[in-house]
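For the record, in the sequence shown the residue sitting at position 174 is 189 according to the working numbering, with numbers rising by one throughout.
Virtual Cβ for every residue (Gly too), placed ideally from N, Cα, C.
The structure presented is a predicted model; accordingly, all values stated were derived computationally and were not measured.
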Amino acid sequence: MSKRKGISKQDLKRVKELDLLTYLKNYEPNELVRNGREDYTTRTHSSLHLSNGLWCWWAQGIGGKTALKYLIEVEGWDFLDAALHINDLLDNQPPLKIEQKVKSNYRFRLPYRAENDDKAIRYLVNERCIDKEIVQYCKEQYLFYEDENDHSIVFIGYDEQRIPKYACKRATDDNWKKDVLGSDKQYSFSITNTESHSLHVFESVIDLLSYMTLLKRSGRDYLKDNYLSIAGATIIGKSIQDSTVPIALETFLNNHPSITNLYLHLDNDKAGKDTTLKIMYHYEDKYNISDEHPTKCKDFNDLLRKKVESKNFCLEK
């Protein structure tokens, strides 16, 4: 029991603001065990899980958010001892705040579709040099359409039941692009072939379609394999050991266990190269991985457009 008589209201308020994940990451890092992308357990209590800013000790049916409640209800500390212990830690070693994702309750809805997709198709074919046959295939598979409101292109990602779960919009008359609110990045844009054991990975849908166009121009079967856009890339950060693979890739591989070969076609910049390194670090023992990023330009759409300009490819072909 603490010999100190109490704790001030101001200090107690600060103590109650410290969440458990931040506490463990800063003061007891060896106690944390990563159990998934956003899920942790502890070495002492394997049924105690931390995710989405909360913790729950399933074996005992208790949970909460704060480190204070954890010390009292899980570790058996006296309230005052626990509060003073945390307060001392905050004074002596201010913690590095751990940002935690909180699940969104926003309902995902696809934007209204325009009467036709003419502007979207013209943009893909004329400005991005995507092959017309590939564009038509994607349209028939309902992988994209034109937004009624701003005439942007809406690219769609589906779950295992072919239900739309993700959509990203790209302007046809500007440079902006954004995800539709409520999108689940687990289900980013993909083109699948369940008979193939190979997956080609890209940052953007445009790069994915550009690569397929290059395959078609070289006389190869562009629908032979699986293709996935991971909707962006990120740098490694503090250490590669603490990094994670893109959630879209993780989900796709979990849902397609027959995949054995990964071909990484990420951008020729720091974020793209770092994401490639992260994927190789986490999956090198599970898959045959090839780094096939473009070397003389930023991405595969740049490469395609340069080839169109230099070789005068016919877009009608």
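(request) Using DSSP bridges, identify the partner residues of Thr-207. (result) According to DSSP, which records beta bridges pairwise, Thr-207 is partnered with nothing at all.
(request) Return helix, strand or coil for Tyr-302, following the three-state DSSP convention. (result) Here DSSP, grouped into helix, strand and coil, assigns Tyr-302 to coil.
(request) Taking Ser-219 and Asn-241 to be in contact with their CB atoms under 8 Å, please state how far apart those CB atoms are, rounded to whole angstroms. (result) At roughly 17 Å, the Cβ-Cβ gap does not stay under 8 Å, so Ser-219 and Asn-241 are not in contact.
(message) Let me make sure I understand the geometry here. Which of Lys-200, Lys-192, Asp-146 has the alpha-carbon closest to that of Asp-162?
(response) Between Asp-162 and the set Lys-200, Lys-192, Asp-146, the nearest pair of CA atoms involves Lys-192.
(request) Take Arg-49 and list the residues in its own chain whose beta-carbon comes closer than 8 Å to its own, dropping the five residues that flank it on each side. (result) Cβ within range, chain order: Tyr-55.
(request) Give me the Cα-Cα distance between Lys-24 and Asn-102, rounded to the nearest whole angstrom. (result) Their Cα atoms are separated by approximately 12 Å.
(request) Compare the beta carbon distance of Asp-26 and Ala-82 with 9 Å and say whether it is the shorter of the two. (result) It is not a contact, given that the beta carbons lie outside the stated cut-off.
(message) With a threshold of 8 Å on Cβ separation, who are the neighbours of Ser-198 within its own chain once the five nearest residues in sequence on each side are excluded?
(response) Within the same chain, Ser-198 has close Cβ partners Phe-123, Gly-172, Lys-180, Tyr-181, Ala-182, Cys-183.
(request) Give a yes or no on contact between the stretch 105-114 and the stretch 283-290, applying the rule of three or more CB pairs nearer than 8 Å. (result) Not touching, per the Cβ criterion.
(request) Run the CB neighbour count on Gly-21, radius 10 Å, all protein chains shown included, and call it buried at 16 or more, exposed below. (result) Here Gly-21 is exposed: its Cβ has fewer than 16 other Cβ atoms, across all protein chains shown, within 10 Å.
(message) Could you tell me the alpha carbon to alpha carbon distance between Arg-143 and Asn-303, rounded to whole angstroms?
(response) Each residue's Cα considered, the two are about 31 Å apart.
(message) Once DSSP output is grouped into helix, strand and coil, what is the label at Asn-276?
(response) DSSP, reduced to helix, strand and coil, places Asn-276 within a strand of the structure shown.
(message) Tell me the rounded alpha-carbon separation between Glu-175 and Ser-205.
(response) Roughly 11 Å between the two C-alpha positions.
(request) In angstroms with no decimal places, state the Cα-to-Cα distance between Ser-61 and Tyr-85. (result) Taking the straight line joining both Cα atoms gives about 14 Å.
(request) Following the continuous alpha helix (DSSP H) through Asn-102, name the residue where it begins and the one where it ends. (result) Unbroken alpha helix (DSSP H) run through Asn-102: 94-107.
(message) I'd like to check one pair, Lys-200 with Ile-262: are the Cβ atoms closer than 9 Å?
(response) Against a cut-off of 9 Å, the Cβ pair of Lys-200 and Ile-262 comes out as a contact.
(message) For Lys-332 and Arg-235, what's the separation of their Cα atoms in angstroms?
(response) In this prediction, Lys-332 has a pLDDT of 37, which is less than 50 and means its spatial position is unreliable; nothing more can be read from the coordinates.
(message) Rounding to the nearest angstrom, what Cα-Cα distance links Ala-186 and Leu-39 in this structure?
(response) Each residue's CA atom was taken as its position, placing Ala-186 and Leu-39 some 43 Å apart.
(request) Quick one: using the 10 Å Cβ neighbour count with 16 as the cut-off for buried, is Tyr-202 buried or exposed? (result) Only buried fits Tyr-202, as 16 or more other CB atoms lie within 10 angstroms of its CB.
(message) Taking the straight line between their C-alpha atoms, what separation do you get for Cys-329 and Tyr-152?
(response) Confidence at Cys-329 is low in this model, with a pLDDT of 49, below 50, so its placement is unreliable and the value that follows should be read with caution. If you take the alpha carbons of Cys-329 and Tyr-152, they lie about 18 Å apart.
(request) Check whether the Cβ atoms of Ile-250 and Phe-217 sit closer than 9 Å, and answer yes or no. (result) Taking 9 Å as the Cβ cut-off, Ile-250 and Phe-217 do not qualify as a contacting pair.
(request) Could you name the residues of the same chain whose beta carbon sits closer than 8 Å to that of Leu-229, not counting the 5 residues immediately before and after it, in chain order? (result) For Leu-229, the CB contacts under 8 Å within the same chain, skipping 5 residues up- and downstream, are Phe-315, Leu-318, Leu-319, Lys-322 in chain order.
(request) Select from Lys-311, Ala-135, Leu-268, Arg-128 the residue whose C-alpha is nearest the C-alpha of His-297. (result) Considering only alpha carbons, the answer is Leu-268.
(message) Considering only their Cβ atoms, is the gap separating Pro-126 from Asn-67 smaller than 9 Å?
(response) No, the Cβ-Cβ distance between Asn-67 and Pro-126 is not below 9 Å.
(request) Could you pull the start and end residues of the alpha helix (DSSP H) that Phe-267 belongs to? (result) Unbroken alpha helix (DSSP H) run through Phe-267: 262-270.
(message) Taking 7 Å as the limit between beta carbons, can you name the residues of its chain near Thr-291, skipping five residues before and five after?
(response) Answer for Thr-291: Leu-279, Leu-281, Asp-306, His-308, listed in chain order.
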